[in-house]
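The number in our numbering is simply the position in the sequence shown, starting from 1, with 32 added. We put the beta carbon where it would ideally sit given N, CA and C, even for glycine. Everything numeric in this text was worked out from a predicted model, so none of it was measured.
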Amino acid sequence: MDQQTTVLAQKNKVREHIQLDSLFTQESIDREVEWFYGPLGLHEFYFIGQSPENIAKHIQSIIAAKLVSKASGHPTDIKLEQHSENEAFFAARSNVQGKSTTRQSSENGPTEVEQLELSIEKQYLSGSPQEWIGDGVRSGYQFLEPNESIKMQKSQYRLQCYRSVGVLDPIIVPYHVRMYFLQKPDFIDPKPSTSETSIQKLADKTFLKRAGDNLKRVYQECLTQAIQQMTPVFHTDIWTEKDQVEMARVTIAYKSGSTHGYFSSIADLYRQLGLFSTRKYVEFFSNGYVIYAFYLQQLQSSQKYVQSLAKQIETLVADASLHFVLPRTSLTPMLRNGLLAPKPIAYAYAAWKFVFHFMHRLPDAYNVVATSLRGHDASAMKRLEQLKTTMKVNTYTESQILEHIFQSFSIVNLLYDEFESLHAPKLSNSPPSTSSTLSALRKSTNSEQALLIFSLFHTFNKSITKTNFFAKDKSALSFRLDGEFLSETEYSDKPFAIIYVIGSEFRGFHVRFSDIARGGIRMIRSSHAQVYLNNVSSLFDECYSLASTQQRKNKDIPEGGSKGVILLNQAHQDKADIAFQKYIDALLSLMLQKVNGEEELLFLGPDEGTAHMMDWASLYAKKRGYSYWKAITTGKSATHGGIPHDVYGMTTHSVRQYITGIQNKLNLNGNGSKGITKVQTGGPDGDLGSNEIKMSGEEQTIAIVDGSGVIFDPEGLDQMELQALAMKREPISCFDSGKLSSKGYQVLVTQNDIRLADGEIVENGVEFRNLFHLRPSLTADFFVPCGGRPSAVNLNNVEEFLYQSDGKTLRFRYIVEGANLFFTQDARLRLEQAGVILFKDASANKGGVTSSSLEVLAALCMSDQEFEENMQVDASTGKKPVFYEEYVKEVQRRIDQNASLEFECLWRENERTKIPFSVLSNHLSERITKLSVEIQDSILWDNVQLRELVLRQGIPALLHEKIGFGNFVARLPEKYTRALFASQVASRFVYAVGLHAREFAFYEFLNELLKAA
C-alpha cells in the first residue's frame, strides 16, 4: 500500500470515529478533517505516529476550541488539553505568525506557548515543579512546604511537537498553532544493564519502529558519547527543503536529571537568535538518558538577524552548552526580554551570588571593642571572636541585589565586557586596563547601594585568577580567587586560594591555606526554608573556618589545610550526588589548567554526605586525564587503594597515645589499667567509639552514650560484651542488659518512664541521652568523647559538666577529645583552669590526617601497575597484597610516633609555662605551619645531604625500598617533595625544642641532624 492510500485510509477511519460521537454535523466533520490533513500543514511524522482514534480526538478538540473562540470573541484564546493514563495532548497559539520577526510580547511574563512548555516540562519531562526551577529567589520556593519536592513523582514522556504551516481558521482563528503530543515510553528493555549502550535495547518501541536509519544513527552516536561525559552532547545538521527553505536540526543528549528546565530554556536561546522551531522531539531511554531534537528555521530577515543559519546554529550550540550549567534562574526574564545575552546572564548570576557572600560587614563597634580587648583579655577576646559570626549582617538580601541587576542591565553588560577582556582566552599576554570601569560605574549608577553592589562585581572580575567559564564543556562554573579581597577584620589569615563553584542545583566553595592542601568536602542540606537561609548566609564562613582548623591539624604532613562545602539549593535536596559530581568536575577544570607546566595539587577527603563518592571522584579524575588521579581522594575503599580509618583505627591510634601518655606521666597505671575508669560518648557502632573499645585494654568503661541511648554500670561494663558489639559495629541498644550489675541500667531513646536502680524515673529517653554527660553523679577518671553534638559542652553549661553535686569535686580529671568540637574553646579553658588535664581535638585525633597523607604519598609515587599490585585489595576475594598489610602497620606506627612527639612537647611546654594545653595546641600548630612555609622557600632545600636525610626519615622505608629512593623522588612533583621536606624539618624541630627556643637552636638542630647521619 503506497503512502497516499495509507493516508486516505487513516483519514476515513478518523472521520468514522468523529461521526460515532454525533457531536458535529457531517458538513463540519468533512470540512475540518480535510483542513486538518491539508491546509493546516502538520508534518507527516505526526500522522505516522498517531492512531486514527487519537487524531479524531485532536480534531474534535480543535473544532470545539474554534467554536468557543467565535462565541467569546477572543480568537487568541486557543488552549487545548487532553489527558489519559499514558498519553496527553496540548495545543496553543504559536509565538510566531508566519515567519514574521514580530513575536508575541513577553514583557508581562511568559507567552502562552512558553507557559505551556514550562508546564509540560514540569509534569512530563522532568518532574520538577516550575516554581522550584533555578535558584528560587524570584519565585520564593524557600517558603514552600519542606520536602515537598521529594514527594513529586518524576514523569518521563516521549514528546512530539509540531507547528502548523497553516492557520487554524482564516476567519475565526487566523493564527498558527503548536500541538504537543506526549506518550509514556514502552521500552524494549525497561531495566537494562549499566553497560548497555545500544538504542536497540534502550529505546522506546514506537521510536525504533518509525525512526529512519539516519536518525537512529545520529541518536546512537549522541547517546554513546553522552554516556561517557557529564556534559551534553550536540549534533547539528543543516539542509535545504524542497521549497528552498534552509532547515537545521539540533540534537542534544545528556543524562536526565543532571540539570533542570533545560528543554524550555533551549527555546529561550534560539528565539533570541531569530530562529523558530517547526518540530521538537523528546526521547527518553531506559538507561536514564534523554535526547532532544529541535528542527529550526530562520525568521524573515531583519536588521536584528543578519547571520547565516549555520552561524546562528553555531552560536546556539555554544550558548546551549553554557546554558546547561544554569538553565533557568531568577535572571531568565532578562534573557527572554532580550536585555542580556546568555553569557552575560551566566556571568551576572555568578557575580550576584559572589556579592551576596562577600558583602557582609561587621558593625563599626566590633573593631573598637576588639582593639581594646586584644592583648589584654584573651578569654574575652576569644568570646568576641565567637560572636563575630552572629554579629555579621548581610548588607543586602539576594532579592535586593537582584532588583539592582534588573534595573541596570547596561551596567551588567559593561562589567561582563571587563570580565571577558580579563579572562577569555586571547592571543595577547598583556592584561587589559580596567581602570576606567570604576569611573564608568560612578557615572552610570544613581545610588550608593547600586555603586557598592556593582563595585563588588568589579572586585570579582579582578580577583579571578582562573575560570572555566569559557571552556567548551562544563557542568558547573568555577572561579579561582586570590583571596586578597577578603576583609582583614573578618578573615585574619589570608587563604592561598578560594575556589567558588556555581551549578544549577548548588553553590559551593573550596578554601585552602597552602599551594598543596588536603581536606574533606562537606555536603550541606537544609531541612526547611529557615535552615536554608541560615546555611546560605554562613556558607563561606563555615568553609573558611573548617579549612583554618584543618590547616592547624595538618602540621605534621606536607599538605596544608583545606575544606570544601557544597550547599544544595532548597529545591534540590535530592540531588546531592549530582551536585558533588559537578563540583568535582568544576574543580578539575581549574586543576587541569597548568601553571608553569604543572597541574594543581589538591587532595580531597570525605566529610558529611560525601564519603560514598570518593571512589567515583578518583576514577573520574582519571577519566579527565588528571595526572594524580590515584591520590586526588582519600577515604577510598580498599579495592581502590584506600586505607579505611575505621577498619584500622587510625584516628583512635593517636587518641590512645594521649590517654596512655597521661597515664604514664602521672603513674596512673602503676597496677595496670584495671583501676582506671572511663566514660565515652560515641558507641560501638561508630568509628571512634568501636576502636576506643577495642584498644582500651583493661580500663574500666562505666558508661557509653550513643545515638541509641545510654548504658551505665558503676562497677564497669562487661568488656567481652562491649568487644563483641564493637566487632559487629552495633549500638549499645544491642548490649545484653543481663550483664549489668544491680546498680547498672540501660536507657534507650525509644523508652519513656524508666525506673533506674536508685529509684529515679526517666520520663524521656531522648532527653536523658542528650543531657547524660552533664549528670553530677556521673564521674570517672577519663572522659573520652568519640561522638556527640558539636559544642555539647560550652560556656553556658561547663559549670554543670565540671563538678559533682557538692559543687567542688571534679567529675572527670582527664579529657582526651576524640570527636571534633565536642567542647568549645572557652569551655576547655574553664576546665583547665579548674584543674582538668585536657587535650583538644586538633592534637588528639590527628591520626586520621596522618593516615590519609601517607595514603596520598603511596598513590603519588607508584605507577598505575604498582599501585594496583601493591595497594588495591582484590574486590572478589578480599585478599590484601602483602605490601598493603605491611604499609598499614607502618602508617599506624607513624601515627603513634607523631602523636607521642606532640604529646611530649605539649606536656613540657605546659610544665614550663603553665599555659593551658588548649592554647598551647594552637600555638604549636601555628609555629610549625609558619616555619614550614619559610623552609619551603629557603636555601635549605639546596643542601643535598640534608634533603636526602630528611626525606628518608619522612618517607616510609617500605615505599622507597619497593620502588627505589631515586625513582621515588623523581616521581613526586617537586613542590610536593619540598612541602614534605619542610613539614618534616619544621615539626621535628618544634617538637624537639618547644615553642620558645633560642634563635641559634635551629642551627644546632640541623647540625645534630647531619651528625646523626
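Query	Result
Return the chain-ordered list of same chain residues with a C-beta closer than 7 Å to the C-beta of Ala-508, the five sequence neighbours on each side being excluded.	Val-357, Val-533, Ile-534, Gly-535, Lys-614, Tyr-615, Asp-617 and Ala-618
How many Å lie between His-490 and Leu-886 at the Cα?	42 Å
Which residues in the same chain have their Cβ closer than 6 Å to the Cβ of Glu-831, if we skip the five residues on either side of it in sequence?	none
Looking only at its chain, what residues have a beta carbon closer than 8 Å to the beta carbon of Asp-275, apart from the 5 residues adjacent to it on each side?	none
Distance, Cα to Cα, Val-1025 vs Cys-937?	8 Å
Hey, Glu-762 and Asp-717: beta-carbon distance below 9 Å or not?	yes
Can you give the beta carbon distance from Gly-629 to Arg-550, rounded, assuming they're within the 8 Å contact cut?	Gly-629 to Arg-550, Cβ: 23 Å. No contact.
Just to confirm, are Ser-16 and Phe-266 a CB contact at a threshold of 9 Å?	One cannot answer for residue 16 here, as it falls past the ends of the chain, which runs 33 to 1045.
Pick out the complete alpha helix (DSSP H) segments inside the stretch 272-353, 4 residues or longer, and give them in chain order.	294-304
Which residue marks the beginning of the beta strand (DSSP E) containing Pro-817, and which one marks its end?	812-817
Is the stretch 580-587 close to the stretch 867-886, with three or more CB pairs under 8 Å?	yes
I need the boundaries of the beta strand (DSSP E) containing Thr-733, first residue and last residue.	732-738
Gln-192: buried (16+ other C-beta within 10 angstroms of its C-beta) or exposed?	buried
Less than 8 Å between C-beta atoms, sequence neighbours within five positions excluded: which residues of the same chain meet that for Ala-735?	Val-711, Gln-712, Val-742, Ile-743, Phe-744, Asp-745, Leu-749, Phe-804, Leu-810 and Ala-812
Three or more beta-carbon pairs under 8 Å between the stretch 603-611 and the stretch 565-575, yes or no?	no
Ends of the beta strand (DSSP E) at Pro-638?	634-638
With C-beta atoms as the reference, is Ala-1046 less than 9 Å away from Phe-899?	Since the displayed the chain opens at 33 and closes at 1045, residue 1046 lies outside it and no answer follows.
Can you tell me which of Ser-60, Ser-54 and Tyr-69 puts its alpha carbon nearest to the alpha carbon of Thr-38?	Tyr-69
Check Glu-180 in the structure and name its three-state DSSP category.	Summary for Glu-180: the model assigns pLDDT 38, below 50, so the residue's position carries little reliability; its value from the coordinates is reported in the next sentence. DSSP places Glu-180 in helix when its eight states are reduced to three.
Hey, quick one: how far does the alpha helix (DSSP H) through Val-387 stretch, first residue to last?	374-390
Counting along the chain, where does the beta strand (DSSP E) carrying Leu-700 start and finish?	Segment: none, Leu-700 is in no beta strand (DSSP E) and carries neither H nor E.
With DSSP as the reference, identify every bridge partner of Gly-593, one or two as the case may be.	Arg-550
Should Gly-596 and Leu-624 be called a contact, given that it needs their Cβ atoms to be closer than 9 Å?	no
Taking C-alpha atoms, which residue in Gly-714, Lys-248, His-992 and Ala-758 lies nearest to Ile-231?	Lys-248
Asn-852 to Ser-769, Cα distance in whole Å?	30 Å
With three or more C-beta pairs closer than 8 Å as the rule, is the stretch 996-1016 touching the stretch 975-984?	yes
Taking only runs that begin and end inside the stretch 644-715, name each unbroken beta strand (DSSP E) of 3 or more residues, in chain order.	709-713
Less than 8 Å between C-beta atoms, sequence neighbours within five positions excluded: which residues of the same chain meet that for Ser-659?	Glu-631
What residue does the beta strand (DSSP E) around Cys-193 start on, and which one ends it?	190-195
Helix, strand or coil: how does DSSP classify Lys-962 here?	helix
Could you check which residue in Thr-364, Gln-58, Glu-941 and Glu-724 has the C-alpha nearest to that of Ile-95?	Gln-58
How long is the line joining the alpha carbons of Ser-187 and Phe-326, rounded to whole angstroms?	21 Å
If you count every other CB in all the chains shown that lies within 10 Å of the CB of His-90, and 16 or more means buried, which is it?	buried
Between which two residues does the alpha helix (DSSP H) harbouring Lys-921 extend?	914-945
Can you tell me whether Gly-910 is buried or exposed? The criterion is at least 16 other CB atoms within 10 Å of its CB, across all chains shown.	exposed
Determine the closest residue to Phe-451 out of His-436, Leu-483, Phe-501 and Ile-433, with distance taken between C-alpha atoms.	Phe-501
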